[in-house]
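*Asks:* One structure is given below, represented as structure tokens, and several questions about it will come after.
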Amino acid sequence: MSTEYVDQSGPLVRPYAMTGGRTRPRVDIAMEALVTATARGDREAGTGRHEWQKIVELCQQVQSLAEIAAYLGTPLGVARVIVGDMAEAGMLDVHEPGRLDDQLGTYLLERVLSGLRKL
Numbered sequence: 077m078s079t080e081y082v083d084q085s086g087p088l089v090r091p092y093a094m095t096g097g098r099t100r101p102r103v104d105i106a107m108e109a110l111v112t113a114t115a116r117g118d119r120e121a122g123t124g125r126h127e128w129q130k131i132v133e134l135c136q137q138v139q140s141l142a143e144i145a146a147y148l149g150t151p152l153g154v155a156r157v158i159v160g161d162m163a164e165a166g167m168l169d170v171h172e173p174g175r176l177d178d179q180l181g182t183y184l185l186e187r188v189l190s191g192l193r194k195l
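Per the working numbering, the sequence shown starts with residue 77, numbered consecutively.
The structure is reproduced here in structure tokens:
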């Protein structure tokens, strides 16, 4: 069984090609971490790779790492590597979950569940 990413605007790309062959991110990011685009990301999104541009567009509103992976149609590990690279480049802010109060934790879980149902 082939695990290929189908990009609607181009050819099939294997996930490892999207990450430069890396399987682990340089920075560990939880799947429920919240991600937002930075001003630098807004300025430089069009000059980078296609998936970087898509992620910056998605992250105009707060997205979890799991939601980004779902929207891109990539495995979570691939999204984790790409988002980590973008955060290191200053294009994204990653807000790791800390001690969440019950209301915020419930809200986040509901958003993740909603995103998974949309798949």
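Even for Gly, the Cβ is constructed at its ideal location relative to N, Cα and C.
Only a predicted model underlies this, so the values are computations on that prediction, with no experimental measurement involved.
Taking just the CA atoms, how far does G191 sit from I158?
*Replies:* Straight-line Cα distance between these residues: approximately 20 angstroms.
*Asks:* Short of 6 angstroms in beta carbon distance, which residues of its chain neighbour A142, apart from the five on each side in sequence? Order them along the chain.
*Replies:* Contacts found: M107, V188.
*Asks:* Measuring alpha carbon to alpha carbon, tell me which residue in A145, V132, T182, L185 is nearest T112.
*Replies:* Out of A145, V132, T182, L185, V132 has the C-alpha closest to the C-alpha of T112.
*Asks:* Based on the DSSP secondary-structure assignment, which residues constitute the bridge partners of V111?
*Replies:* According to DSSP, V111 bridges with Q139, V170.
*Asks:* Alpha carbon to alpha carbon, what distance is there between G166 and R193?
*Replies:* The alpha-carbon atoms of R193 and G166 are separated by roughly 31 angstroms.
*Asks:* Taking only three categories from DSSP, how would you classify V159?
*Replies:* It is helical.
*Asks:* Are A109 and V170 closer than 8 angstroms when you measure CB to CB?
*Replies:* Cβ distance < 8 angstroms, so A109 and V170 count as in contact.
*Asks:* By DSSP, does I131 sit in helix, in strand, or in coil?
*Replies:* Helix at I131.
*Asks:* Select from M162, L148, V138 the residue whose C-alpha is nearest the C-alpha of T123.
*Replies:* Residue M162 is the option with its Cα nearest to T123.
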